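Trainee: Supplied in structure tokens, the structure appears directly below.
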Amino acid sequence: MESKPKGPAPKHAAPKATAKKGPAPRGRGADGPRRNPPSKTVAPGAAAMALSSKFPPCEKCGKPGPVCICDRLEVMPSKVRVVILQHPQEEDVVLGTAKLVALSLEGAEIIRGITWSSLDDVLGVEGVDKTKWAVLAAAKLPEGAAKPAGPVMMVDRNGQVMSVGRHKLEGILVLDGTWSQAKTLWWRNAWLLKHPRIALTPREPGLYGRLREEPRRDWVSTLEAVADVLPALGDPESTRDQLRRLMRTMLQRARDAVNAGAAPKP
Ligand SMILES: [Zn+2]
Numbered sequence: 067m068e069s070k071p072k073g074p075a076p077k078h079a080a081p082k083a084t085a086k087k088g089p090a091p092r093g094r095g096a097d098g099p100r101r102n103p104p105s106k107t108v109a110p111g112a113a114a115m116a117l118s119s120k121f122p123p124c125e126k127c128g129k130p131g132p133v134c135i136c137d138r139l140e141v142m143p144s145k146v147r148v149v150i151l152q153h154p155q156e157e158d159v160v161l162g163t164a165k166l167v168a169l170s171l172e173g174a175e176i177i178r179g180i181t182w183s184s185l186d187d188v189l190g191v192e193g194v195d196k197t198k199w200a201v202l203a204a205a206k207l208p209e210g211a212a213k214p215a216g217p218v219m220m221v222d223r224n225g226q227v228m229s230v231g232r233h234k235l236e237g238i239l240v241l242d243g244t245w246s247q248a249k250t251l252w253w254r255n256a257w258l259l260k261h262p263r264i265a266l267t268p269r270e271p272g273l274y275g276r277l278r279e280e281p282r283r284d285w286v287s288t289l290e291a292v293a294d295v296l297p298a299l300g301d302p303e304s305t306r307d308q309l310r311r312l313m314r315t316m317l318q319r320a321r322d323a324v325n326a327g328a329a330p331k332p
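Its first residue numbered 67, the sequence shown is counted upward by one per residue in my numbering.
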């Protein structure tokens, strides 16, 4: 038996021993065994997902009507270009954050897929300098990786620590999806290993809270990861604040819609 995390297990952190029952339901499939949990704990994510079947998606942000955050969008410049590689099965239209990032940052974009042959292939250009594009996995790197010295640590392809403050990065690649989907993206794209890598220790616990179940408690969303990384690479803290505010608004609107009965009660 492995040692337990300190303190009482938080309600929504899947204990290691049970984590192997596959990806957390995330409210999608209804065909798993019903466990009839008390109504309070029925995955709020499931109720949020139901919103997407009831309301057509906003043409711009893709969120169902009550969750649309377009009125709060602000387009901001960033020192590095953010390119999000999205696992095609990451279809969490209601609570996903990649779109929020792509709409908020100049030059940011989402590219869906599982396998590419190189960064050139991803960007559709030739001769991109590999050393100037770092990879960030929103899911924290698995245990066993070296303990980062600060919230954002960058290492080159040989594992040597690079100066985050004096980086000459042109862009960052962000792997978007659940923890296991991000892992899949890692091993289906061996060329990623030739790039510098950014390891993130999230500055705060994830904002999703009970709205979304994740197999790992230290998992943070793509938006939160990008929001933590950009100031370390030279962008103002206000960029982080605005991104996080946008996500909080989205989550609050999803909660309000669920509470208002816009989604079926369990
Ligand atoms: Zn919208």
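Virtual Cβ for every residue (Gly too), placed ideally from N, Cα, C. Nothing here was measured: the structure is a model prediction, and the numbers come from that model.
Please go through the same chain and pick out, in chain order, the residues whose beta-carbon is closer than 6 Å to the beta-carbon of residue 139, but skip the five residues on each side of it.
Mentor: For residue 139, where only same-chain residues beyond five positions count, the Cβ hits under 6 Å are 169.
Trainee: If I measure Cβ to Cβ from residue 314 and keep anything under 8 Å in the same chain, skipping five residues before and after, which residues do I get?
Mentor: Cβ within range, chain order: 273.
Trainee: In angstroms, rounded to a whole number, what distance separates the CA positions of residue 162 and residue 287?
Mentor: Cα-Cα distance, rounded: 8 Å.
Trainee: By alpha-carbon positions, which one of 255, 176 and 132 ends up nearest to residue 183?
Mentor: Closest by alpha carbon: 255.
Trainee: Among 304, 263 and 242, which has the Cα closest to the Cα of residue 150?
Mentor: The residue with the shortest Cα to Cα distance from residue 150 is 242.
Trainee: To the nearest angstrom, report how far apart residue 294 and residue 220 are at their CA atoms.
Mentor: If I take the Cα positions, the gap works out to 13 Å.
Trainee: When the Cα of residue 189 is compared with those of 306, 223 and 147, which residue comes out closest?
Mentor: Here the closest residue by C-alpha is 147.
Trainee: Pull up the distance between the alpha-carbon of residue 123 and that of residue 306, whole angstroms please.
Mentor: Rounded to the nearest angstrom, the two C-alpha atoms are 26 Å apart.
Trainee: Per DSSP, what are the beta-bridge partners of residue 147 in this structure?
Mentor: DSSP, once it has assigned bridges, lists 237 as partnering residue 147.
Trainee: Check whether the Cβ of residue 150 sits closer than 7 Å to any heavy atom of ligand 1, and report yes or no.
Mentor: The answer is no for residue 150.
Trainee: Kindly indicate which residue of 321, 245, 296 and 323 has the alpha-carbon position closest to the one of residue 172.
Mentor: Checked all of 321, 245, 296 and 323; the closest Cα to residue 172 is 296.
Trainee: Alpha carbon to alpha carbon, how far is residue 131 from residue 90? Give it in angstroms, no decimals.
Mentor: Because the pLDDT of residue 90 is 38, which lies under 50, any placement of that residue in the model is unreliable, and the number read from its coordinates should be weighed accordingly. Going by the C-alpha atoms only, they are around 26 Å apart.
Trainee: How big is the Cα-Cα spacing for residue 310 and residue 291?
Mentor: Distance between the alpha carbons of residue 310 and residue 291 is about 10 Å.
Trainee: Figure out for me which residue from 319, 298 and 302 has the closest Cα to the Cα of residue 202.
Mentor: Selected option, being the one with the closest Cα: 298.
Trainee: Run the proximity test for residue 176: is its beta-carbon closer than 7 Å to any non-hydrogen atom belonging to ligand 1?
Mentor: No, ligand 1 has no heavy atom inside 7 Å of this Cβ.
Trainee: Would you kindly check if the distance between the Cβ of residue 117 and the Cβ of residue 323 is under 8 Å?
Mentor: Result yes, Cβ atoms of residue 323 and residue 117 sit closer than 8 Å.
Trainee: For residue 107, is the classification buried or exposed, using 16 other Cβ atoms within 10 angstroms of its Cβ as the cut-off for buried?
Mentor: Caution is warranted here: a pLDDT of 39 is assigned to residue 107, below 50, making its placement in the model unreliable, and the coordinate value is therefore given only provisionally. Counting Cβ neighbours within 10 Å, residue 107 comes out exposed, since fewer than 16 surround it.
Trainee: Where do the ends of the alpha helix (DSSP H) carrying residue 292 lie?
Mentor: Residue 292 -> alpha helix (DSSP H) spans 288-298.
Trainee: Going by DSSP, name the residue or residues bridged to residue 227.
Mentor: Residue 227 pairs with 221.
Trainee: Measuring only the C-alpha atoms, how far is residue 312 from residue 166?
Mentor: About 8 Å.
Trainee: How close, in whole Å, do the beta carbons of residue 176 and residue 316 come, if the pair is a contact with beta carbons under 8 Å?
Mentor: Incorrect: roughly 16 Å between the Cβ atoms, too far for contact.
Trainee: I need the boundaries of the beta strand (DSSP E) containing residue 266, first residue and last residue.
Mentor: Run containing residue 266: 263-266, per the beta strand (DSSP E) assignment.
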